[in-house]
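Going line by line, the protein sequences match chains U, V and S. So the mapping is simple: my numbering equals the position in the first sequence, first residue as 1, plus 50. So the mapping is simple: my numbering equals the position in the second sequence, first residue as 1, plus 18. So the mapping is simple: my numbering equals the position in the third sequence, first residue as 1, plus 20. Comments concern the structure below.
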Amino acid sequence: MNYNWNWGVFWAPSPDGAGTYFDMLLAGLQWTIVTAICSWLIALCLGTVVGIARTTGSRWMLLAGNAYIELFRNIPLLVQLFLWYFVVPELLPVQLGNWVKQLTYGAFYTAVIGIGLYMSARVATQVTAGISALASGQRMAGLAMGLTKAQVYRYVLLPQGFRVILPPLTSEFLNTIKNTSVALTIGLAELTARARAMQEFTFQVFEAFITAAALYVALNIVVTLLMRYIERRMTVPGLVAGG
Amino acid sequence: MFSNLDFSVVSNSLSYLFFEGMTFTLMLTAIATVGGLLLGTLIAMIRLSSLPVLPQVAAAYVNLMRALPLVLVIFLIYFLLPYVGQWVMGASRPIAVGALTSSIITFTLFEAAYFSEIMRAGIQSIPRGQVEAGYAIGLNYRQMMSYVVLPQALRNMLPVIFMQTIVLFQDTSLVYVLSITDFLGAASKVAQRDGRLPEMYMFAAAVYFIISFTASRFVQRLQARTAIVR
Amino acid sequence: MKSMSRMAKAVLFVSFVATPTMALAAGTLDKIKETGKITIGHREASIPFSFLDQNQKPVGFANDICLTIAEAVKEHLKLDKLEVVLTPVTSATRIPLIANGTVDLECGSTTNNLERQKQAAFTNTHYLTANRFVAKKDSGLTTFEDLAGKTVASTSGTTNIVQLNNYNAEGKRGITIIPVKDHAEGFLMVETGRAAAFVMDDILLSGLVAGSRSPSDYALSEDALSKPEPYGIMLRRDDPEFKAVVDAATAKLYTSPDMQTLYAKWFLSPIPPRGLTLNVPLGEALAKAFANPSDSADPDSY
């Protein structure tokens, strides 16, 4: 290969004045993590609400929940981000739109909302599946004991349902981390964006992207181990085969 | 609000959007699905085999691909492939690889990791007894795989495979980052030239939605029809 | 493993079919001769150098220069037919794509500097331009000093964004820099109010303003972050045979009267997609650069 490898480039100062190129990638990793966690909180909250709505037995709630899921699942994430970033501010009243557009961390807020909503559709499917997986006798037993519907969800269905779906939720969280990279198209300076910027400044294409890839793999391993620990602690004996 | 939207920008560029953009998107989706499925099945079979070392290598590949964001892989392979070609062919200069070829290879390699997980589940869904019965009537491994296991695995997994293809169809929009003229790339080029982002991106979202939604409805019906009665 | 051979062959077959025509030749000239193809990288919105017309076909000043080069290559190799393949590139992808052989000539608005000469070669200079910004007139931003604390866009992978980064870091000016994919997107950031200014080469900014819906709303900065820097067509480095042909072809074109016609066609006459005229007369320094073709990266030599 007639490519000039230069791994020492990571210790050279980067033009953004914040330190070396390696510091630049680490700063990108931080944005990736922060964006992923904030998006994930939105995804969990909305996904739980929509997921529950689909199990309440109300026909309208089911239809509304299904429509929500289909809407966010059938448009590519990149297009959804463009809608939030380029289209929505134009449809708002002019002053509000201008305020939105001049936010300092506009790309970050947009990414958090866009990715959060996109992932919430996937979380909702899991939540519905988790609740449906429980024996229907549990709901009836709860109601028979005199619990309200809300109490049945709060004390019977959700605690068990969430434990059942912990493994798929882990992989959805890993997807959220990966999806933050799509936000580089709206200018979010996350890990992949930093790797690309580094490649543009130094022309060391492969050093930049390979190191970014290694950081993603490391993050993936850390999250997986952490979630496995939580899964083990949370397992309901007899509910999930093999734990 | 909506009053200053002008959708004539869409109607004026329909042929460019569909004949150039959508053709690229659909071609990439189709070829990468077939390629990813073939490679994925191979990887799944290697992972389930009792060969030395290879199953670990295959597993490592799948885990690596599943840990990386697609955007990063798209960049990396677009820049890396010519050097790989040079190394494979023993040429003295990097080999030119076009945008379509590069995208096909990227998506095939990437999706193969996901398809392999689907096919692995499919193969494992075949009861062990069938395999033993196959051997008992004198089939060898290849016959048993191609006549007993794989056809059923494929059939069981068909809905999941189609769902993955719909995901792939949406993911192809990410080639936007390389300025390739897929459907979204075509839409954004027109949108930026004419300063009509809202109209164009709303239209693009609607097109992606209609196609994906229709396809997933079709898959749900297929799922009901192909389910093997157990 | 024997049992898997059919599947393995199928995969091998697919990957073989999917593999493009291989050129085992050494230099770019040999490759072009063998494949009968030359690949030209073009831009989306480097007006008027390389951009898309109303039919989304790449056109422009640099594009025309490259077609002349392709013609010269065809003559040099004594080919009956030479297919010109046009591939889109961005500021961020152009250098890796030249280096990895995807593109043979990059025809656009690439600044020739010493840093880049470590990655790619440049032929004779075809334009000189300085790094400025565009902002809405009513914003009152006229000099780079005014950008402190503002959100500013610039195209990723350009010398402009590097200079802007350095300027920002040196003076601790607190500018938030949004990297965009291409110039049209950068200008849209200003047009839609996402960014206060877009930092880019002044000629490209003039092109974007002229093509906008209300050109009178925008103004270019009074000062510049750089001296006028040379643009060159980019090609692979360490390929002296190809560079010699390209240099000879551009030198012949630049010193001929055809160059005045070509310049007038793109800078003084209506251009697609909307038939606007840039009206940028040929400057003294550039006229000198055409008369004495040079591939120097030093702004002071012009």
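Note that the Cβ used here is the ideal one computed from N, Cα and C, for glycine as well. Quick caveat, the model's predicted, so the values are computed rather than measured.
Taking only three categories from DSSP, how would you classify S:Gly-252?
strand
Checking the sheet assignment: what are the DSSP bridge partners for S:Leu-106?
Answer is S:Ile-60, bridged to S:Leu-106.
Please tell me whether V:Tyr-250 and U:Phe-122 are closer than 9 Å, where the distance is taken between their beta carbons.
A query on residue 250 of chain V cannot be resolved here, the shown segment of chain V reaching from 19 to 248 and no further.
Can you find the residues in the same chain that come closer than 8 Å, C-beta to C-beta, to V:Gln-142, ignoring five residues on each side of it along the sequence?
Leu-66
Here's the rule I'm using: 16 or more other beta-carbon atoms within 10 Å means buried, otherwise exposed. How should S:Pro-248 be labelled?
Looking at its Cβ environment, which holds 16 or more other Cβ atoms inside 10 Å, S:Pro-248 is buried.
Under 8 Å Cβ-Cβ, which residues of chain V neighbour S:Glu-211?
Gly-213
Using CA atoms only, rank isn't needed, just tell me which of U:Ile-215, U:Gln-176 and U:Glu-240 is closest to U:Ala-77.
Per the C-alpha coordinates, the member of U:Ile-215, U:Gln-176 and U:Glu-240 positioned closest to U:Ala-77 is U:Glu-240.
Run through DSSP, which three-state label would U:Asn-56 get?
coil
Member of S:Met-254, S:Lys-285, S:Ser-174 and S:Thr-196 whose CA lies at the smallest distance from the CA of S:Lys-138
It is S:Met-254.
Can you give the Cα-Cα distance for S:Val-210 and S:Arg-63, rounded to whole angstroms?
When rounded, the distance between both Cα atoms is 20 Å.
Go to S:Pro-116, then tell me how far its alpha helix (DSSP H) extends in each direction, as first and last residue.
Per DSSP, S:Pro-116 is one residue of the alpha helix (DSSP H) stretching across 114–119.
What separation, rounded to the nearest whole angstrom, lies between the Cα atoms of S:Leu-49 and S:Thr-88?
Rounded to whole angstroms, S:Leu-49 to S:Thr-88 spans 16 Å at the Cα level.
Which residues does DSSP pair with S:Leu-17 in a beta bridge?
Because residue 17 of chain S is not part of the residues shown, which for chain S are 21 to 322, the question remains open.
Considering only C-alpha positions, which residue in the set S:Phe-164, S:Phe-207 and S:Thr-107 is nearest to S:Ala-215?
S:Phe-207
Should U:Tyr-53 be flagged as near chain V, meaning a C-beta pair shorter than 9 Å?
yes
Between V:Phe-180 and V:Val-237, which are expected to be in contact by the criterion C-beta below 8 Å, what is the C-beta distance as a whole number of angstroms?
4 Å
Where does V:Val-71 fall in DSSP's three states?
coil
Extent of the continuous alpha helix (DSSP H) run through U:Met-277
For U:Met-277, the enclosing alpha helix (DSSP H) starts and ends at 255–284.
Residue range of the unbroken beta strand (DSSP E) whose run includes S:Tyr-238:
238–240
Are three or more beta carbon pairs between the stretch 90–98 of chain U and the stretch 242–259 of chain U nearer than 8 Å?
At 8 Å Cβ cutoff, the stretches do not touch.
Within the 9 Å Cβ cut-off, does U:Val-59 reach chain B?
Chain labels in this structure do not include chain B; the protein chains are U, V and S.
Mind checking if V:Pro-112 is an interface residue toward chain S, Cβ cutoff 9 Å exclusive?
yes
Could you check the C-alpha separation between V:Arg-84 and S:Ala-150 for me, to the nearest Å?
45 Å
Are the CB atoms of S:Pro-116 and V:Phe-97 within a distance shorter than 9 Å?
yes
What does V:Tyr-101 touch in chain S if you count any residue whose Cβ is under 7 Å from its own?
Asn-120
I need the DSSP call for V:Met-216, collapsed to helix, strand or coil.
Per the sequence presented here, residue 216 of chain V reads as Pro, with Met not at that position. The answer is helix: DSSP assigns V:Pro-216 an H, G or I state.
Hey, how far is the Cα of S:Lys-94 from the Cα of S:Tyr-274?
19 Å
Using a Cβ-Cβ cutoff of less than 7 Å, which residues in the same chain neighbour U:Phe-212 once the five nearest sequence positions on both sides are dropped?
Gly-180
I'd like to know if S:Leu-49 contacts chain V, where contact means its C-beta is closer than 9 Å to some C-beta of that chain.
no
Quick one: what's got a C-beta closer than 8 Å to S:Lys-22's C-beta in the same chain, skipping five residues either side?
Confidence at S:Lys-22 is low in this model, with a pLDDT of 41, below 50, so its placement is unreliable and no value can be given for it.
Does the beta-carbon of U:Val-267, which I'm using as the reference point, lie nearer than 8 Å to any heavy atom of the ligand COA?
Looking at this structure, you won't find the ligand COA or any other ligand, since it has none at all.
Proximity of S:Pro-250 and S:Thr-145 at Cβ, strictly below 9 Å:
S:Pro-250 places its beta carbon less than 9 Å from that of S:Thr-145.
Jot down the residue ranges of each uninterrupted alpha helix (DSSP H) in the stretch 94–160 of chain V, minimum 4 residues, whole runs only, in chain order.
117–142 and 146–154
Could you tell me the alpha carbon to alpha carbon distance between S:Met-279 and S:Ser-241, rounded to whole angstroms?
30 Å
Could you tell me which chain U residues have their CB closer than 7 Å to the CB of S:Gly-177, listed as they occur along the chain?
Glu-250
Could you work out which residues of chain S lie near V:Ser-191, taking near to mean beta carbons separated by less than 9 Å?
Going along chain S, no residue has its Cβ under 9 Å from V:Ser-191, so there is no contact; the nearest lies around 14 Å.
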